[in-house]
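Novice:
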Amino acid sequence: MSRMILAALALAAVAGCARGEKKDAAVAADSLRRDLQLAPVDTTKPLNDQPAPAPVATTAPAPEAAPAPAPKPKPKPKPAPAPRPAPSKTAAAEPTPAPKAPASAEVGTVIRTTMVDSIHSRHNKVGDVVTAKTARDITDADGRVVIPAGSAVTLTIVEISPSGNKSDNTGKLQLKATDVTVDGRKYPIDASVDSVQRTLVGRATNVNDVAKVGAGVGIGAIVGKVLGGGKGAVIGGVVGGAVGAQRAVETKDRDVYVPPGGVVTLKLRGKFTPS
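Residue numbers (the working numbering): 430 to 704.
(1) Residue range of the beta strand (DSSP E) that Gln603 falls in?
(2) What residue does the beta strand (DSSP E) around Ala581 start on, and which one ends it?
(3) Residue range of the beta strand (DSSP E) that Lys696 falls in?
(4) To the nearest angstrom, how far is it from the Cα of Pro577 to the Cα of Ala606?
(5) Alpha carbon to alpha carbon, how far is Gly572 from Thr585? Give it in angstroms, no decimals.
(6) Do you know whose CA, among Asn553, Gly699, Pro703 and Pro617, lies nearest Tyr686's CA?
(7) Give me the Cα-Cα distance between Pro531 and Ala561, rounded to the nearest whole angstrom.
(8) Could you pull the start and end residues of the beta strand (DSSP E) that Ile618 belongs to?
(9) Please go through the same chain and pick out, in chain order, the residues whose beta-carbon is closer than 7 angstroms to the beta-carbon of Thr628, but skip the five residues on each side of it.
(10) So, is the C-beta of Pro689 closer than 9 angstroms to a C-beta in chain D?
(11) Looking only at C-alpha atoms, which of Lys601, Pro510 and Met544 sits nearest to Val555?
(12) Give me the Cβ distance between Gly690 and Met544, rounded to the nearest whole Å; I'm assuming they're in contact under 8 angstroms.
(13) Can the beta-carbon of Val539 be found closer than 9 angstroms to that of Asp623?
(14) Taking buried to mean at least 16 other C-beta atoms within 10 Å of its own C-beta, is Thr542 buried or exposed?
(15) Who are the near neighbours of Ser704 in its chain, counting only those whose CB is closer than 8 angstroms to its CB and skipping five residues on each side?
(16) Taking C-alpha atoms, which residue in Ser621, Ser580 and Val611 lies nearest to Leu697?
(17) Assuming Val693 and Val630 make a contact with CB atoms under 8 angstroms, what is their CB distance in whole Å?
See below:
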């Protein structure tokens, strides 16, 4: 039995070898066909054997670090100003303009005012204070306003009296300018009162006027007695009374009167500067 198995194995081995030889023969024949198809090579030329190029790295290069910012340049110091040359002693110094003097009204300036209050010799007395106002602007030589129009001027009565009789024009009134108000502030002023627009107003006959003629009545009675006794005395008394009444009318006082709006003219005796 074992002999039969060995014989079968031997046959199988022989068959396998035969198949291997057939396969090797086929491979050799195929290689020969490929060699016949290649182009002929000149074997007389030297071989150009060169080393293969180095493999290219596939990894990306590391990013380069950003350059550090350049430091800001320090500001250059400003050059010191060149010293000014000392002025020559012989050179004339430039004149410095003088400050402009404040606005002033000079001596002799005429100030026209109009009365705000009235003045009456029957009602006012020495020492009373009345007010006038400037009629127009008072300016200096440069046209600057020193006293604006409408500024209040204070006047003081230093003398006042009525006239002695109807035909007498000697009623007296004297005023003194004391101060003027400019922009709400009072300033003393040295000015004469050159003229006052005034009138004389008559008074009605009163008890005092009748008393003045009492002596006239007595004289009339005496004259009547001398002329013819009692009847003459009555006539003389009547005549004397009539003459006395006429005298009372003729001799009654006339008052000095300055109405509101009356013109009072002043003239500066000293320089006026409201400062």
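Here a beta-carbon is modelled for each residue, glycine too, at the ideal position from N, C-alpha and C.
Specialist: In brief:
(1) Where Gln603 is concerned, the enclosing beta strand (DSSP E) stretches over Lys601 to Val611.
(2) DSSP places Ala581 inside the beta strand (DSSP E), whose first and last residues are Ala581 to Ser590.
(3) That run of the beta strand (DSSP E) goes Val692 to Leu697.
(4) Between Pro577 and Ala606, the alpha-carbon positions lie close to 17 angstroms from each other.
(5) Thr585 and Gly572: Cα-Cα distance of roughly 30 angstroms.
(6) Closest option to Tyr686, Cα to Cα, is Asn553.
(7) The straight-line gap separating the alpha-carbon atoms of Pro531 and Ala561 is approximately 25 angstroms.
(8) In the DSSP annotation of this structure, Ile618 is not part of any beta strand (DSSP E), being labelled neither H nor E.
(9) Counting only Cβ-Cβ distances below 7 angstroms, and skipping sequence neighbours, we find Tyr686.
(10) Of the protein chains in this structure there is only one, and it is not chain D.
(11) Among Lys601, Pro510 and Met544, the Cα nearest to that of Val555 belongs to Lys601.
(12) Between Gly690 and Met544 the beta-carbon gap is near 6 angstroms, inside 8 angstroms, which marks them as a contact.
(13) A distance below 9 angstroms separates the beta carbons of Val539 and Asp623.
(14) Burial call: buried.
(15) Counting only Cβ-Cβ distances below 8 angstroms, and skipping sequence neighbours, we find Pro531.
(16) Among Ser621, Ser580 and Val611, the Cα nearest to that of Leu697 is on Ser621.
(17) Actually they are not in contact, since the Cβ atoms of Val693 and Val630 sit about 18 angstroms apart, beyond 8 angstroms.
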